[in-house]
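For reference, the structure discussed in these notes is given below.
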Amino acid sequence: MFGKMELENFEGITTMPQEAASAWNGGFEDLLGAEYKPLLYLGKQVARGVNYFFIAEQTLIVKPPCRRVVKVIVNDFNGEYQLVGMEEI
5 MFGKMELENF EGITTMPQEA ASAWNGGFED LLGAEYKPLL YLGKQVARGV
55 NYFFIAEQTL IVKPPCRRVV KVIVNDFNGE YQLVGMEEI
């Protein structure tokens, strides 16, 4: 289709800091309807815990599957992880 961006088949992140990996794994426990693969770990911000920033591939579970790239923010507050932001980029 003309003008539509075609996403590469990403392998995902091979390495990231352990605390960021823990935040990533803990931030998606209760989400349904989509799958997420981290592509890039951007960094962190100390604010009421620690916010971790990622770029990820999102695959919505629809027919046909819809793939897109999103920015994801996961907060770690005393070892409790929560997805606090997501937006398509």
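So this note's numbering is basically just the index in the sequence shown, starting at one, shifted up by 4.
Beta carbons are placed, not taken as given, at the ideal position from N, Cα and C, and that holds for glycine.
Treat the numbers as computed from the prediction; the structure is a model and nothing was measured.
Task: Residues that residue 71 bridges to, as DSSP identifies them - done: Paired residues: 63.
Open item on the list: Looking only at its chain, what residues have a beta carbon closer than 6 Å to the beta carbon of residue 48, apart from the 5 residues adjacent to it on each side?
Closed with: Cβ neighbours of residue 48 beyond the five flanking positions: 54 and 56.
Open item on the list: By the three-class DSSP mapping on this structure, what secondary structure does residue 79 have?
Closed with: Residue state, collapsed to three classes: strand.
Open item on the list: For a quick check, are the C-beta atoms of residue 39 and residue 85 less than 9 Å apart?
Closed with: Going by C-beta atoms, residue 39 is not nearer than 9 Å to residue 85.
Open item on the list: For residue 64, which residues in the same chain have their Cβ closer than 6 Å to its Cβ, ignoring the five residues on either side in sequence?
Closed with: Closer than 6 Å at Cβ, skipping near neighbours: 38 and 70.
Open item on the list: So for residue 55, helix, strand or coil by DSSP?
Closed with: Per DSSP, reduced to three states, the secondary structure at residue 55 is strand.
TODO: Answer with buried or exposed for residue 24, where buried requires no fewer than 16 other C-beta atoms within 10 angstroms of its C-beta.
DONE: Buried: at least 16 other Cβ atoms inside 10 Å.
Open item on the list: Between 20, 46, 66 and 21, which has its C-alpha nearest residue 77's C-alpha?
Closed with: A check of alpha carbon separations from residue 77 across 20, 46, 66 and 21 identifies 46 as the nearest.
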